[in-house]
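Input: a single structure, listed below in C-alpha cells.
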Amino acid sequence: MMMMMISHEKLMPKTINHLSANCSTLNIIGEISLEINVNGIKTTVIADVTTNLATNLILGSDWIQLNNVYSYI
Numbered sequence: 023m024m025m026m027m028i029s030h031e032k033l034m035p036k037t038i039n040h041l042s043a044n045c046s047t048l049n050i051i052g053e054i055s056l057e058i059n060v061n062g063i064k065t066t067v068i069a070d071v072t073t074n075l076a077t078n079l080i081l082g083s084d085w086i087q088l089n090n091v092y093s094y095i
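Residue numbers (the numbering used here): 23 to 95.
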C-alpha cells in the first residue's frame, strides 16, 4: 500500500464515493495530508484514500493547473 511508503499524518476517516474516469466507483475511506515532490515542485496536498485504485496516486486537474504542470508525450 502506498501509504506505508510515504510519511504522512494520521488518516482522518471519511466516507464518500467518487467516480473514476471509466465511471467505476472509488470508495473513499479517509483523507490524509501528504507532502509531495513532483519534478522539484514541493507541495502539500489533502489526499482522499481509497482501497480500489488501479494506480498508487492520482493528482487532480485542479493541482495540475494550479502548479502549471505539463506532460510531454
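In this text, a Cβ means the ideal position worked out from N, Cα and C, and glycines have one as well.
task: Let me know the secondary structure DSSP gives S83 once reduced to three states.
output: helix
query: Could you check where the beta strand (DSSP E) with V60 kicks off and where it finishes?
result: T47 to V60
- prompt: Excluding five sequence neighbours on each side, which residues of the same chain lie with their C-beta closer than 8 Å to the C-beta of S55?
  reply: H30, E31, T66, V67, I68 and A69
message: Quick check on the burial criterion: 16 or more other C-beta atoms within 10 angstroms. Buried or exposed for V71?
response: buried
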